[in-house]
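Notes follow once the structure below has been shown.
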DNA sequence: TTTTGAGTTGTTCGA
DNA sequence: GTCGAACAACTCAAA
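Residue numbers (our numbering): -8 to 450.
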């Protein structure tokens, strides 16, 4: 009887799963998930709760066969594989810094080698695996647009076919899921839900949502214009190639929106590629020169960071975004840029402080996209925004939340202000009648200060 | 080999 | 109100 282990990590689905297809070539498959303390703790209560829910959904979809173990994967995976007499352990390749190191440890584990059990990597969570798209001279791209063109030329596989009935191995000891905190406003987890959300986006003909208007609506936090697929991509409840295959089939009049969305998936691949080549850039400045910038520190800086985290900066669009993050663990992409710019250029704090807070709060928090999105705003990343590009939090609010609906949704102290006047409570006689905080800083002053510090850095 | 134009996401200022 | 320039420096890719 040939057996294999399918070690799930961040690919919690059965459809379009090449590693599952590879594992299913053996007669029996043991589905395994390992709670790794080095990932479990740092992922924070929100992602722990989501992961637990996603694992429950996966377990239900394979008739309760999922085996959950806790501990160091290098020991646990080897022990399980040996105990069930598996010939191979199948995984989707992990390209992030910790995942690569962990998988190498597992591969070299004495227990695996002694039993001649192979660790087989098939597929990855990306459209094109990191390291594959390169310039003619073999070097990786450091600018998005040429990467995107080369990524399109490189192309990708069709979605993997379904494996048919799989004989899941049962009767193996299961430690079960650890207790997780009850989190309000958590998105529904699991592959079925991911596909339902995605299909709903594809089928939508409501104004302000769906593929057709994606190009314009995706910039509007007050509309349901985005796909909301980030968390499902993060946990691999859907593979991005499935999405690309569906996008290729949308009607001609929706191809503009489909093209924009393809670009967003390419950004995800691009930042994974950048982190693959520069694993240090998860923590360190991609452009080291920017580390010498003069950043604020001390009690005032700590108070400013706290006001930003709690959504009490006195800038309505910033506070709405930060409060949505606190409440839902998710924030619209436009808001992520606005609040990040505010932290770095108005409060003069390091991007690393903001990136840490995001990773603690975000249910979709993915290291490569998060860290490099922050580095982009801070002007220290690949293809970074010019440092002098400083968002004005008032005009950004007026432009992307033109009727003020988004701000009123998350900032109750401003609900009495009508329309776009919600973005400028200081201009209303009763703007502060319900306890909304006054502006923490003067944007004009801090903008000039940021530019002066940048000038100083160059000298 | 060298040159050249272009490059996700912006703002302000002055004409 | 509208419009173009200025705000840097560097990489990439095509010519």
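Virtual Cβ for every residue (Gly too), placed ideally from N, Cα, C.
Quick caveat: nothing in here was measured; it's all calculated off a predicted structure.
Just the Cα atoms here: how many angstroms apart are residue 230 and residue 116?
-> Within the first chain, the letter at position 239 stands for residue 230. Within the first chain, the letter at position 125 stands for residue 116. Roughly 7 Å between the two C-alpha positions.
Would you report the Cα separation of residue 241 and residue 205, rounded to the nearest angstrom?
-> As a working note, residue 241 is residue 250 in the first chain. As a working note, residue 205 is residue 214 in the first chain. Rounded to the nearest angstrom, the two C-alpha atoms are 13 Å apart.
Alpha carbon to alpha carbon, how far is residue 62 from residue 100?
-> As a first step, residue 62 is located in the first chain; it is residue number 71 there, counting from the start. As a first step, residue 100 is located in the first chain; it is residue number 109 there, counting from the start. Cα to Cα, residue 62 sits roughly 14 Å from residue 100.
List the whole-angstrom C-beta distance separating residue 257 from residue 142, where the pair is believed to meet the contact cut-off of C-beta under 8 Å.
-> On the first chain, residue 257 is found 266 positions in, with the first residue counted as 1. On the first chain, residue 142 is found 151 positions in, with the first residue counted as 1. Contact holds; Cβ gap of about 5 Å.
Thinking C-beta only, is residue 311 closer than 8 Å to residue 304?
-> Counted from its first residue, the first chain places residue 304 at position 313. Counted from its first residue, the first chain places residue 311 at position 320. Not a contact, by the Cβ cut-off of 8 Å.
Three-state secondary structure (DSSP) of residue 19 = Position 28 of the first chain, counted from the start, is the residue given in the question as residue 19. Per DSSP, reduced to three states, the secondary structure at residue 19 is strand.
Residues in its own chain within less than 7 Å of residue 43 by CB, not counting five upstream and five downstream?
-> The count along the first chain starts at 1 and reaches residue 43 at position 52. Closer than 7 Å at the Cβ level, and outside the excluded window around residue 43, lie 168, 171.
For the region 149 to 160 against the region 26 to 41, are there 3 or more C-beta pairs whose distance is under 8 Å?
-> no
Using only alpha-carbon positions, find the residue among 41, 209, 92, 15 that is nearest to residue 267.
-> Sequence index remark: in the first chain, residue 267 carries index 276 (1-based). Checking every option, the nearest Cα to that of residue 267 belongs to 92.
Mapping DSSP to helix, strand and coil, what is residue 456?
-> Residue coverage of the chain in this structure runs from -8 to 450, which leaves residue 456 outside it and unanswerable.
Residue 81 - partner residues in DSSP beta bridges = For this step, residue 81 is matched to residue 90 along the first chain. The bridge partners DSSP lists for residue 81 are -3, 111.
Residue 29: first and last residue of the uninterrupted alpha helix (DSSP H) it sits in = Residue numbering aside, residue 29 sits at position 38 when the first chain is read from its first letter. Start and end: 28 to 31.
Measuring CB to CB, does residue -3 end up less than 8 Å from residue 21?
-> Taking the first chain and counting its residues from 1, one reaches residue -3 at position 6. Taking the first chain and counting its residues from 1, one reaches residue 21 at position 30. Closer than 8 Å, so yes.
Could you tell me if residue 7 is buried or exposed, where buried requires 16 or more neighbouring beta carbons within 10 angstroms of its beta carbon?
-> As a working note, residue 7 is residue 16 in the first chain. The residue is buried, with at least 16 neighbouring Cβ atoms inside 10 Å.
Is the distance from the Cβ of residue 264 to the Cβ of residue 435 below 8 Å?
-> Counting from one through the first chain, the residue named residue 264 turns up at place 273. Counting from one through the first chain, the residue named residue 435 turns up at place 444. Not closer than 8 Å, so no.
Continuous beta strand (DSSP E) stretch holding residue 59: start and end | The residue given as residue 59 occupies position 68 in the first chain. Per DSSP, residue 59 belongs to the beta strand (DSSP E) from 58 to 61.
Can you name the residues that DSSP bridges to residue 131?
-> The residue you call residue 131 lines up with position 140 of the first chain. Under DSSP, residue 131 forms a beta bridge with 125.
As assigned by DSSP and simplified to three states, the class of residue 25 | Locating residue 25 in the first chain gives position 34, counting from the first residue. In the structure shown, residue 25 sits in a strand (DSSP, three-state: E or B).
For residue 159, name the three-state secondary structure that DSSP assigns.
-> Locating residue 159 in the first chain gives position 168, counting from the first residue. If DSSP states are grouped into helix, strand and coil, residue 159 belongs with the strands.
Any 3 or more C-beta pairs closer than 8 Å across the region 331 to 349 and the region 367 to 382 = yes
Boundaries (first-last residue) of the alpha helix (DSSP H) holding residue 64 = Against the first chain, residue 64 aligns to sequence position 73. That run of the alpha helix (DSSP H) goes 64 to 74.
In the DSSP assignment, find the unbroken alpha helix (DSSP H) run with residue 45 in it and report its ends.
-> Working through the first chain from its first residue, we reach residue 45 at position 54. Counting along the chain, the alpha helix (DSSP H) containing residue 45 begins and ends at 35 to 52.
Limits of the unbroken alpha helix (DSSP H) element including residue 250 = For the purposes of this step, residue 250 is taken as the residue at position 259 of the first chain. From DSSP, the alpha helix (DSSP H) with residue 250 extends over 246 to 268.
Check whether residue 300 and residue 401 have beta carbons under 8 Å apart = Within the first chain, numbered from 1, the residue matching residue 300 stands at position 309. Within the first chain, numbered from 1, the residue matching residue 401 stands at position 410. No, they are not a contact pair.
Residue 180 versus 343, 145, 194, 354, residue with shortest Cα-Cα distance = If you number the first chain from 1, residue 180 lands on position 189. When only C-alpha atoms are compared, the closest one is 354.
DSSP-derived helix/strand/coil call for residue 183 = Translated into the one-based positions of the first chain, residue 183 becomes position 192. It is helical.
Can you tell me whether residue 339 is buried or exposed, with buried defined as 16 or more other CB within 10 angstroms of its CB?
-> Taking the first residue of the first chain as position 1, residue 339 is located at position 348. Residue 339 is buried by the Cβ-count criterion.
Leaving out five residues on either side along the sequence, give the residues of the same chain with a beta carbon under 8 Å from the beta carbon of residue 412.
-> Locating residue 412 in the first chain gives position 421, where the first residue counts as 1. 395, 418, 419.
For my contact list, residue 110 and residue 82 are in at a C-beta cut-off of 8 Å; report their separation, rounded to the angstrom.
-> Residue numbering aside, residue 110 sits at position 119 when the first chain is read from its first letter. Residue numbering aside, residue 82 sits at position 91 when the first chain is read from its first letter. With a beta-carbon spacing of about 7 Å, residue 110 and residue 82 fall inside the 8 Å limit used to define contacts.
Quick one: residues in its chain with C-beta nearer than 6 Å to the C-beta of residue 274, no 5 flanking neighbours on either side, listed in chain order?
-> As a working note, residue 274 is residue 283 in the first chain. The answer is none, since no qualifying residue turns up.
Taking only runs that begin and end inside the region 337 to 396, name each unbroken alpha helix (DSSP H) of 4 or more residues, in chain order.
-> 342 to 352, 358 to 369, 384 to 391
When we look at the beta-carbon of residue 341 and count the other beta-carbons within 10 Å, is it buried (16 or more) or exposed?
-> Sequence index remark: in the first chain, residue 341 carries index 350 (1-based). It is buried - the Cβ of residue 341 has at least 16 other Cβ atoms within 10 Å.
Residue 92 lies in the alpha helix (DSSP H); which residues open and close that run?
-> Along the first chain, one-based indexing puts residue 92 at 101. Unbroken alpha helix (DSSP H) run through residue 92: 88 to 98.
Does the separation of the CB atoms of residue 147 and residue 124 fall below 8 Å?
-> Indexing the first chain from 1 puts residue 147 at position 156. Indexing the first chain from 1 puts residue 124 at position 133. Their beta carbons are not under 8 Å apart, which means residue 147 does not touch residue 124 by this criterion.
Classification of residue 377 by the beta-carbon crowding that lies within 10 angstroms, buried from 16 upward = For the purposes of this step, residue 377 is identified with residue 386 of the first chain, where counting begins at 1. Exposed, since its Cβ has fewer than 16 Cβ neighbours within 10 Å.
Looking at the structure shown, is residue 233 part of a helix, part of a strand, or coil, going by DSSP?
-> Position 242 of the first chain, counted from the start, is the residue given in the question as residue 233. Helix at residue 233.
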